[in-house]
Structure formats: C-alpha cells, structure tokens
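One structure below.
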Amino acid sequence: MAREFKMAIVGFGGMANWHRELVETIDHLTVKGVYDIKQERMDYAKELGLKAYESLDDILADDEIDLVLCATPNDVHKEVVIKTLNAGKYVLCEKPATMHSKDFEEMIAAQKTSKLFVHQNRRWDEDYLTVRNILDKKMLGPVFKIESRVHGSRGIPGDWRGTVEHGGGMVLDWGVHLLDQALQMFPGKITSVYATETHVTNELVDDGFTVNLQFENGPLFVVEVGTSNFINLPRWYVMGRDGSAVIEDWDLSGKCVCITDWDKNDAVPVKTTAGLTKTMAPRTEDTISTQPLPIVHSDIRDHYKNLMAVMEGKEEQLIKNEEVLRVLRLMECIFESAEKNQVMPFE
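Numbering-wise (the working numbering), the sequence shown opens with residue 823 and increments by one.
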C-alpha cells in the first residue's frame, strides 16, 4: 500500500495556489493547510476547506505534515527553510531559493534528518526539453551558439518583483530558470560572463538583462529577458555548423533547417537598393531540408512524484542543491559584471 503524504503551505499567493491545484491531481499527496500573514489569504484557504495555521510553528508542531512548501517572498526563504529543516520536516522552496549563495549554503547545512528541495520547475518546460532533444540527436552538427529569450511588454509586475529588499528584478525572477536550463545543457566550465541590465520601467531593480556565457569546449550561450519588448524575438534560436533551429514561443511553433548538400554552393545574388550581395543570398531549396521540431512532452507532476520517492528513500532527488548553488553563484557574477561593465571569470 502506497504511503500517504500531507503538505502545508507557507505563503499562500498565486504561485502557492498553483501548487495546491497541481497537488490535487497527484495521488497520495494532500495539502492539509496554509499559513499566510495576510488575513484575506487565510480566509481564502478556509473557503477551500483547508486548515488555516496560526503560524509556522503551528505547522511544524503538526505531526501529520511531511512536507512544507515555502512560497513566501525571496527574502523570507532562508528563515522558513532552516526552521523547517531543524524541525525534521522536508521542505520545498520556491525559486530563487535565496538571494545570496552564502545563505543557501547555510540552508544546505541545515539538512540533517530531512532534505531541502528547490522548485526549479522549468526543467519540465517542453520548449527546453525539445532543444535538448535537438542537441542529443545532433541534428545541427556541432552547435556554436544558443540564444534563449523570454520577452514581455508589461514591465515588472507591481508586487515584490519590483523591490530590492524582497529580491525583485528579472535576473532573480526569470534568470534563475533560464540559467538553470543553460547549466543543465552544458554542465562544463564557463570561461567568461558578460552581462548588461535594463532599467526602463524600474530604477531599483533590473527589468531586463542580457548575459553572454562562454562555455569551455562549448557554445556561446546568450540568455536574455526583457519586459519592454512589444515585438518578441524567438524563445530559442540554435545555430550549428550543419543547420539552425528556432522555437518561436511557448506553443512550440518552429522548425529545423539543415544542410543536405555542401557541394551545391552557387547562389543567386540578392539585389538591394544599393547593390548586390551574394554572401547573404539564401540557400536554394535543393541544398537544405526543413524538418519539424522533435518535440518532447513532459509532466510537471513528475517533480512532486520524485519528492515523494525521495522521502520514502526510493530515489535520488532530481534537482540537486549543488546545481541550485551554482546558479545562485552565476547570478551573483552576472550582477557584478553588469555593475562593472566588465567580462568576468567564473569558477
């Protein structure tokens, strides 16, 4: 008979409610209750039939609770996580796990009889998994450059994301995901980091950034996040010796275009207003092949299923804290590069 697990939530905002709805679809896992400093969120929890705990201590005193989700603003994560681990309960922390790598080292050290999990949920994004599949299949030959972008046009939301003290800004909000994806694709050494930030709608925190990561014996990986882009560039653009791939957006529209004949290199010049160009003339159709994306599907519930298996001692955790720590250190390097306007070494 399968073991039943019960979870409590600390910080019952929008993302925490997403977790609650997801858990409702997972067998053998139940959300028992929540704690939030805002009374309206506690009232909402009661409307849902959940227990409204009076405090974090109240949660930790409940012997039925196996797992605590920390979905508070970023600056509160460390306190909640360490207290939960010291109480011997497992904890799932929303990303970024903390605002500083040194704090996360303390959180890791607090693990004794239980474990810390970090919700790097975008490892299950199907656009990301499809790019990994393209690389695994070597569809484009040796890859020399990858561009990963997320663009929006609404600025920073008017919540904690716009505040320094709560860990706002796009590096900490979206960068933590895109950088994690990059390091999962290429776990090898990064030789240099160069970053710039934008402050179009917010002077306090970055509302966008671009970073160039040069991997040793690997590609140049460009990560870009923007919140003032009224025409979005592709979510992914991958360049290899033998072809290119594009994924336009979350809907996985895109294609791969690969060379089929290197010998046929005659080009029909393109006539521009100021003259001809043969160098930039498009390839003829008989020398290339357009292929559909090798789409990979996923199920985000697998993340929670892994947590439950780890708690039973049946599996290793998929999202390793050493990987999370490396992403946090890389974000610190990005902030330093942008501040100094310099190329920075990493590791």
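Where a beta carbon is used, it is the ideal one built from N, C-alpha and C, also for glycine. All values derive from a computational prediction rather than experimental measurement.
Report all residues from its chain with a CB closer than 8 Å to the CB of residue i; omit the five preceding and five following residues, and keep chain order.
i: Gln1139; result: Lys937, Phe939, Asn1128, Leu1129, Val1132
i: Ile904; result: Glu928, Met929, Ala932
i: Gly910; result: Lys934, Thr935, Ser936
i: Met1153; result: Pro918, Val993, Leu994, Gly997, Val998, Leu1001
Using only CA atoms, which one of the options lies nearest to residue i?
i: Thr1018; options: Glu1158, Met961, Thr894, His973; result: Glu1158
i: Phe966; options: Pro1041, Asn1024, Gly910, Arg945; result: Pro1041
i: His973; options: Arg825, Arg1057, His1125; result: Arg1057
i: Met1007; options: Thr985, Ser1066, Leu1035, Lys868; result: Leu1035
i: Val1092; options: Ala1103, Asp1085, Asp1083; result: Ala1103
i: Val913; options: Asp1029, Phe827, Phe1168; result: Phe827
i: Asp925; options: Thr1106, Glu948, Phe1037, Leu1147; result: Leu1147
i: Glu1145; options: Ala1004, Pro1114, Ser1111, Gly1097; result: Ala1004
i: Arg971; options: Asp879, Gly984, Ala883, Leu1001; result: Leu1001
i: Lys854; options: Leu1115, Gln861, Lys1100, Asp884; result: Asp884
i: Glu987; options: Val1165, Phe1168, Phe1037, Val1027; result: Val1027
i: Leu957; options: Gln861, Ser1066, Thr985; result: Ser1066
i: Glu1038; options: Gly1010, His850, Asp947, Tyr1059; result: Gly1010
i: Ile848; options: Asn1143, Gln1164, Asp1108, Asp1124; result: Asp1124
i: Gly835; options: Leu851, Thr1094, Met961, Ala867; result: Ala867
According to DSSP, which residues form a beta bridge with residue i?
i: Gly973; result: First, the amino acid is wrong: residue 973 is His here, not Gly. Answer is Gly1048.
i: Lys911; result: According to DSSP, which records beta bridges pairwise, Lys911 is partnered with nothing at all.
i: Lys967; result: Leu1042, Met1061
i: Ser1014; result: Gln1036
i: Ala830; result: Gly855, Val890
i: Lys1093; result: Leu1098
i: Lys1077; result: Val1068
For residue i, which residues in the same chain have their Cβ closer than 7 Å to its Cβ, ignoring the five residues on either side in sequence?
i: Arg954; result: Met1007
i: His899; result: Cys892, Cys915, Ala919, Thr920
i: Thr894; result: Val832, Gly833, Val902
i: Leu1055; result: Arg971, His973
i: Tyr950; result: Arg944, Gln1003
Write down the C-beta distance between residue i and residue j rounded to the nearest angstrom, noting that I regard them as a contact closer than 8 Å.
i: Leu1150; j: Ala919; result: 7 Å
i: Thr952; j: Val1118; result: 5 Å
i: Asp1064; j: Gly963; result: 3 Å
i: Gly991; j: Val1045; result: 14 Å between Cβ atoms; not a contact.
i: Asn943; j: Ile831; result: Wrong, their Cβ atoms sit about 15 Å apart, outside the cutoff.
i: Asp1029; j: Ile978; result: 5 Å
i: Phe1052; j: Ser975; result: 5 Å
i: Tyr1126; j: Val845; result: 7 Å
i: Gly1076; j: Ile1069; result: 4 Å
Give a yes or no on whether the minimum CB-CB distance between residue i and chain B is below 8 Å.
i: Glu916; result: Judged by its chain identifiers, the structure shown contains no chain B, having just a single protein chain.
Enumerate in chain order the residues of its own chain whose CB-to-CB distance from residue i is below 6 Å, with the five nearest sequence positions on each side excluded.
i: Arg983; result: Gly990, Asp995
Would the beta-carbon of residue i be found less than 7 Å away from any heavy atom of the ligand MN?
i: Val898; result: The ligand MN is absent from the structure shown, which contains no ligand whatsoever.
Quiz item: Unbroken alpha helix (DSSP H) runs of length 4 or more, entirely within the segment 837-917: which are they?
Solution: 861-869, 878-882, 899-908
Quiz item: Fully enclosed by the segment 923-1004, which alpha helix (DSSP H) runs are 4 residues long or longer?
Solution: 923-931, 948-959
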